[in-house]
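There are 2 protein chains.
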Amino acid sequence: MGINFTNFLSSQSKNTKMMDFQDLDHLDGLSISVLSANLYKTNRDDLSMFYFRNGANHASIYTQSKIVSENIKWNLNQNTKKVICLIVNTRNANAFTGTHGYESLKKLSDLISKGLTEKQKQDEEFPRKINPKEILFGCTGTIGEVFPFEKISHQIPNLISRIRYTQNKFIWMKAALGIMTTDTKPKIAMEECKIGSEKIKIYGIAKGSGMIQPDMATTLAYIFTDASLSNDILSKLLKKNILNTFNAISCDGDTSTNDMVSIFATNSINNSKIKSINDNKIKNFDRALNNVLLNLAKRVVADGEGASKFISINVSKCKNEIEAKKIAFSIGNSPLVKTAIAGEDPNWGRIIMAIGKAGPKINLKKLSIKFGNLKIVQDGKLYQNYNEVLAAKYMKSENIEISVEVFTGKKDFTAYTMDLTKKYIDINADYRS
Amino acid sequence: MGINFTNFLSSQSKNTKMMDFQDLDHLDGLSISVLSANLYKTNRDDLSMFYFRNGANHASIYTQSKIVSENIKWNLNQNTKKVICLIVNTRNANAFTGTHGYESLKKLSDLISKGLTEKQKQDEEFPRKINPKEILFGCTGTIGEVFPFEKISHQIPNLISRIRYTQNKFIWMKAALGIMTTDTKPKIAMEECKIGSEKIKIYGIAKGSGMIQPDMATTLAYIFTDASLSNDILSKLLKKNILNTFNAISCDGDTSTNDMVSIFATNSINNSKIKSINDNKIKNFDRALNNVLLNLAKRVVADGEGASKFISINVSKCKNEIEAKKIAFSIGNSPLVKTAIAGEDPNWGRIIMAIGKAGPKINLKKLSIKFGNLKIVQDGKLYQNYNEVLAAKYMKSENIEISVEVFTGKKDFTAYTMDLTKKYIDINADYRS
Chain A
470 MGINFTNFLS
480 SQSKNTKMMD
490 FQDLDHLDGL
500 SISVLSANLY
510 KTNRDDLSMF
520 YFRNGANHAS
530 IYTQSKIVSE
540 NIKWNLNQNT
550 KKVICLIVNT
560 RNANAFTGTH
570 GYESLKKLSD
580 LISKGLTEKQ
590 KQDEEFPRKI
600 NPKEILFGCT
610 GTIGEVFPFE
620 KISHQIPNLI
630 SRIRYTQNKF
640 IWMKAALGIM
650 TTDTKPKIAM
660 EECKIGSEKI
670 KIYGIAKGSG
680 MIQPDMATTL
690 AYIFTDASLS
700 NDILSKLLKK
710 NILNTFNAIS
720 CDGDTSTNDM
730 VSIFATNSIN
740 NSKIKSINDN
750 KIKNFDRALN
760 NVLLNLAKRV
770 VADGEGASKF
780 ISINVSKCKN
790 EIEAKKIAFS
800 IGNSPLVKTA
810 IAGEDPNWGR
820 IIMAIGKAGP
830 KINLKKLSIK
840 FGNLKIVQDG
850 KLYQNYNEVL
860 AAKYMKSENI
870 EISVEVFTGK
880 KDFTAYTMDL
890 TKKYIDINAD
900 YRS
Chain B
470 MGINFTNFLS
480 SQSKNTKMMD
490 FQDLDHLDGL
500 SISVLSANLY
510 KTNRDDLSMF
520 YFRNGANHAS
530 IYTQSKIVSE
540 NIKWNLNQNT
550 KKVICLIVNT
560 RNANAFTGTH
570 GYESLKKLSD
580 LISKGLTEKQ
590 KQDEEFPRKI
600 NPKEILFGCT
610 GTIGEVFPFE
620 KISHQIPNLI
630 SRIRYTQNKF
640 IWMKAALGIM
650 TTDTKPKIAM
660 EECKIGSEKI
670 KIYGIAKGSG
680 MIQPDMATTL
690 AYIFTDASLS
700 NDILSKLLKK
710 NILNTFNAIS
720 CDGDTSTNDM
730 VSIFATNSIN
740 NSKIKSINDN
750 KIKNFDRALN
760 NVLLNLAKRV
770 VADGEGASKF
780 ISINVSKCKN
790 EIEAKKIAFS
800 IGNSPLVKTA
810 IAGEDPNWGR
820 IIMAIGKAGP
830 KINLKKLSIK
840 FGNLKIVQDG
850 KLYQNYNEVL
860 AAKYMKSENI
870 EISVEVFTGK
880 KDFTAYTMDL
890 TKKYIDINAD
900 YRS
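Line by line, the protein sequences are chains A and B. For the first sequence, this note's numbering begins at 470 and goes up steadily by one. For the second sequence, this note's numbering begins at 470 and goes up steadily by one.
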């Protein structure tokens, strides 16, 4: 399985290369260290450290689940102004692991803060004493298994000793691979933009695959920038830009206990101070951040478990965005629609079904549906020149676009999802074996 | 694929046989006529008539979809006190078929009413002139294809000529088979009970398979009784008893444009007049009706597309029934839970995930989860004697019971669903080919 990504990158930045993977390089103020703590027993990388030698401003959006993992509880409890590092492990979600899971993070943060305090003494002109509260954790993997504290704590010294102050594309790729679970491809995206006259980098990695659902800070995604931006501005930008990116994707309608999207600013570039997200000087950054998030979100969907097709569902002329989103996800989460697309069957009746069951009222006399540029339904009736042969040919594409016009207003929403294949069942019927 | 039904039948009536199919026989006042109008081009039965020679009182619950089929529009427009017959066709849903679809039903009802008026003249001591408004339609099959008016109208005379005044188990089986689409088994259920001193029959047939979703008058289900009951009483009994039967099942979370559950009373038995559903004399009937509906609903789930396991999800000790239902269906509709069960993996972490994403608050310190009688989670922690080997063994059963205690109140709800298998994808990826 594998969907071509080249159609995804619609960037404002000239630096974006229209290829599968962009080359991320050095981002001032960030060091990445990745290794195998043997959590998978296959020697694959599974433990990553993102170290901000001068600290980083930050903002995160977490899962909306009523049961959250221990690392999210930890992160929410710290409420620290600056973060010194983010530690991400795979294989174990540290969810439903109780006191042991939480205490493990407490002990790890002690170990890490001591190790990094030592490192600061060796490397920095003005070393800081690191507070355990400055450490955040990302965890992903199986829920309910004992958190592998011993294996991870054992590797902390190695993780710290591998810190280098210049990053290249290989370490980014290693990190993107090191946070994967059932993903088949690493997810990397970047943009460059300007704040005022200063050049700024926005780099991101993500992992996805299962339990991808709308309305949540879905999956793990980490964005890094060298810009100087306050926690407040980062938080507002992240909330604003997640709506039509990570909150617009769905793989299977399920939600993780561990979802986490974070942005970190190393403050390495001395750009003009931004006090409001309405400031004109932040407009380019705002757009570039949206591009990075959308690029990553689309990659998560395209690599959704068992995906063979990437599906965009645009619902427009709706009373409001909430209704447009409801209809878009009613289509995007329908197993009947998703299996029809997997079977390359232009079964538009199932789109009708999904629109009908969504909830919002629609103007049935005007309703229009298109597959790509092919008119299927017009003025609430099967299009008079509807051609099943052409429609069937269109369904053979790897990128399927479904456009629905509802004619109850002026708002629109685009959702992204993938098809439902036998491979999804394969992956999930024996995920743990 | 096929799930054993013998565990389903928990009946108050001694007449219920603990076997795959109960033997339905004569029900006074009802005649069934079934034939092939060649809608499938395979000569299978696809057109059924349920004829009430003296008319029948009736009540129906229809789909909640915002886009409904033309036959449901027709039925809702008639608002007739008595029904003379119900015509059910498969292969074509008569949904999104526009004016032609609706006008076809109008023409069919003219034809049928004329034919039946003739038949009344021949057969009845006091013949009635049949009004086209006394005819209801059930349609199921593909959405959006031209309604096969010619093929159906051509068979109306044959349908009427085949009417016999005594029914047996073969004609019931023929009818149950004749309304099927992708179902692999006919769905038949019966109960006998008493209203006062009079013996009453309640017979039912249903079809299901795809687009089965909670909160809807799901699928096609037709219940027939020889009791004398008013439209008002029938309507109240149906609404009450659908809540924990057809509205408690889910196959894939999708909803049809055509869902229809109806009850018809031929008034053949001169039982005591029932003026309220709180009347003690209707208690037995009430319970028997619930049994018939639950029996049919469970058969629909057990024969859900690609089902290899029947799953009951009981959520109890909840603040209210709505929250219990939300949690039950969050588990029951989760593709990750359903694929794990298909893979016989006791992946209870996914149950946790589904409880967490459901929405309602839970008492995490007391939360308990059981698979059958096996304790999995107790007091919000993995049960201390949890035995993965036993749990894995349990998952090999054909009937999986998941019990969740939420500890926020006293209400409960049981949902029924099936697992998600590769066969589901097979069936739905090329439904139309």
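Heads up, the beta-carbon is just placed ideally off N, CA and C, and yes, glycines get one too.
Residue i, DSSP secondary structure in three states
i, result
"Lys892 of chain B", "helix"
"Met906 of chain A", "No answer is possible for residue 906 of chain A: the residues shown for chain A start at 470 and end at 902."
"Asp684 of chain B", "Residue placement at Asp684 of chain B cannot be trusted, given a pLDDT of 31 that sits under 50; what the coordinates show is reported in the next sentence. Residue state, collapsed to three classes: coil."
"Val855 of chain A", "In the sequence as presented, Val is not what sits at residue 855 of chain A; that position holds Tyr. If DSSP states are grouped into helix, strand and coil, Tyr855 of chain A belongs with coil."
"Lys778 of chain B", "coil"
"His495 of chain B", "coil"
"Tyr634 of chain A", "coil"
"Asn546 of chain A", "helix"
"Gly647 of chain B", "helix"
"Ser704 of chain B", "helix"
"Lys602 of chain B", "helix"
Residue(s) in a DSSP beta bridge with residue i
i, result
"Ala690 of chain B", "B:Ala675 and B:Val730"
"Gly607 of chain B", "B:Val557"
"Phe798 of chain B", "DSSP lists no partner for Phe798 of chain B."
"Thr511 of chain B", "Looking at the DSSP assignment, Thr511 of chain B forms no beta bridge with any residue, so it has no partner."
"Thr883 of chain A", "A:Asn783"
"Glu667 of chain B", "B:Ile664"
"Lys839 of chain A", "A:Lys844 and A:Ser872"
"Ser502 of chain B", "B:Met518"
"Val552 of chain A", "A:Ala525"
"Ile530 of chain A", "A:Val730"
Close Cβ partners of residue i (< 6 Å) along its chain, the five nearest in sequence each way excluded
i, result
"Thr653 of chain A", "Asp772"
"Ser630 of chain A", "none"
"Leu555 of chain B", "Phe519 and Leu605"
"Asp579 of chain A", "Pro601"
"Ala549 of chain B", "Per the sequence presented here, residue 549 of chain B reads as Thr, with Ala not at that position. For Thr549 of chain B, where only same-chain residues beyond five positions count, the Cβ hits under 6 Å are Lys602 and Glu603."
Beta carbon of residue i nearer than 8 Å to that of residue j
i, j, result
"Ile612 of chain B", "Phe565 of chain B", "yes"
"Met718 of chain B", "Tyr893 of chain B", "It is Ile, not Met, that sits at residue 718 of chain B in the sequence shown. Contact: no."
"Lys786 of chain A", "Thr877 of chain A", "yes"
"Ser517 of chain A", "Gly673 of chain A", "no"
"Ser725 of chain A", "Ser529 of chain A", "no"
"Leu628 of chain B", "Ser502 of chain B", "yes"
"Gly607 of chain B", "Leu689 of chain B", "yes"
"Met659 of chain A", "Val761 of chain A", "yes"
"Ser500 of chain A", "Ile632 of chain A", "yes"
"Ala898 of chain B", "Thr808 of chain A", "yes"
"Met887 of chain B", "Lys788 of chain B", "no"
"Phe693 of chain A", "Ala797 of chain A", "no"
"Lys656 of chain A", "Asp494 of chain A", "no"
"Asn740 of chain A", "Asn526 of chain A", "no"
"Glu614 of chain B", "Asn561 of chain B", "yes"
"Ile671 of chain A", "Ala757 of chain A", "yes"
"Ile896 of chain A", "Thr651 of chain A", "yes"
Sequence-distant residues of the same chain with beta carbon closer than 7 Å to residue i, five excluded per side
i, result
"Lys834 of chain A", "Asp848 and Gly849"
Cross-chain neighbours of residue i in chain A, by beta carbon under 9 Å
i, result
"Thr650 of chain B", "Near Thr650 of chain B there are no residues of chain A at all, since even the closest Cβ is about 13 Å away, more than 9 Å."
"Asp492 of chain B", "Ordered by position in chain A, no residue passes the 9 Å Cβ test against Asp492 of chain B, which lies about 35 Å from the chain."
Own chain residues within Cβ distance below 8 Å of residue i, not counting five before or after
i, result
"Ile738 of chain B", "Asp497, Ile664, Glu667, Lys668, Ile669, Asp695, Ala696 and Ser697"
"Thr586 of chain B", "Pro596, Arg597, Lys598 and Ile599"
"Asn507 of chain A", "Asp515 and Lys620"
"Ile711 of chain B", "Ile530, Ala686, Val730 and Leu762"
Interface residues of chain A facing residue i [CB-CB closer than 8 Å]
i, result
"Asn897 of chain B", "Pro804, Leu805, Thr808, Ala809 and Gly812"
"Ile831 of chain B", "Lys535 and Ile536"
"Thr653 of chain B", "Neighbours of Thr653 of chain B on chain A: none; closest Cβ ~17 Å, over 8 Å."
"Thr726 of chain B", "Ile821, Met822 and Gly825"
Within chain B, partners of residue i - CB distance below 7 Å
i, result
"Leu889 of chain A", "Ile894"
"Trp817 of chain A", "Gly613"
Contacts that residue i makes with chain B (C-beta to C-beta distance below 8 Å)
i, result
"Ser534 of chain A", "Met822, Gly825 and Lys826"
Chain-ordered neighbours of residue i on chain A, where CB pairs are closer than 7 Å
i, result
"Gly567 of chain B", "Lys850"
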